[in-house]
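Asks: A single structure is presented below for examination.
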Amino acid sequence: MAYRSNGQFTVVACRWSCGVAKFYERANKDAKKGQGTFDFTGGRSDLPTAPLSAEFSDLRDLPEDTVKDVEAKAKAYRSLRKQDAFLRARMGCNLYMAAFLLPKTDEVPSGDSERTVPTSQDVWLAVGQGKPTRHGTQHPATGCPRTR
Numbered sequence: 001m002a003y004r005s006n007g008q009f010t011v012v013a014c015r016w017s018c019g020v021a022k023f024y025e026r027a028n029k030d031a032k033k034g035q036g037t038f039d040f041t042g043g044r045s046d047l048p049t050a051p052l053s054a055e056f057s058d059l060r061d062l063p064e065d066t067v068k069d070v071e072a073k074a075k076a077y078r079s080l081r082k083q084d085a086f087l088r089a090r091m092g093c094n095l096y097m098a099a100f101l102l103p104k105t106d107e108v109p110s111g112d113s114e115r116t117v118p119t120s121q122d123v124w125l126a127v128g129q130g131k132p133t134r135h136g137t138q139h140p141a142t143g144c145p146r147t148r
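In UniProt numbering, the protein residues as written are 1 to 148.
Next up, the structure:
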C-alpha cells in the first residue's frame, strides 16, 4: 500500500486479484453459517476439542516424581495423540494454517470443486466430522491429505 497526502490508502500491489479474494470471502461466509464454536474451556461446543483439552489437562497433572511416573505419563501422552479426536484437531489446525501458507493463484475458481485453498468449512469438516479432505487439501501427486 502507498499512503497519499489526503489520508487515503491505495493498493500498489495485491497478492490476489480482488475476484479471488471475494470468492474465498464469500465461500467462508457461506460455510460459517450455523457452525458451532471452538471451546477449550469445557463449555458449549459442537466439536470434540473441549473433551480433548480436558484430557490433556489431566495428563499435565500426572506426577513426574519417579522414572515409572515419567514412563506412565509418556505412555498416556502417546495414547492421547493416537485418539481420533486428536488426529481430527491436528488436521483442522493444519488446514487452518494451510490457508495462509499455500501458494495462491490469480484465477478465480469456477466453483467449490475448483478451490485450491482450505476454507472454514474444511476446518469444520476435519475437526467436527473427521472428514480430512476437500478440494485443494490433498497433495497433488499422492492424493494423501496434507497434514504436515
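Glycine residues also receive a C-beta, built at the ideal position from the N, C-alpha and C atoms.
Report buried or exposed for A54, applying the criterion of at least 16 other Cβ atoms within 10 angstroms of its Cβ.
Replies: It counts as exposed.
Asks: Would a C-beta distance cut-off of 9 Å place Q121 and A27 closer than the cut-off?
Replies: Going by C-beta atoms, Q121 is nearer than 9 Å to A27.
Asks: Taking a contact to mean a Cβ-Cβ separation below 9 Å, would you say Y24 touches T119 in this structure?
Replies: For Y24 and T119, yes; Cβs fall inside 9 Å.
Asks: Taking all protein chains shown into account, decide if M91 is buried (16 or more other Cβ within 10 angstroms of its Cβ) or exposed.
Replies: When all chains shown are included, M91 counts as buried.
Asks: Give the DSSP-derived three-state secondary structure of V127 in the structure shown.
Replies: DSSP places V127 in helix when its eight states are reduced to three.
Asks: Could you tell me which of K29, D84, S79 sits nearest to L59, measuring between CA atoms?
Replies: Nearest of K29, D84, S79 to L59, Cα basis: S79.
Asks: For residue 151, collect the residues of the same chain with a Cβ closer than 7 Å to its Cβ; drop the 5 residues on either side in sequence, then sort them by chain order.
Replies: Given that the chain is displayed from residue 1 to residue 148, the structure contains no residue 151 and the question cannot be resolved.
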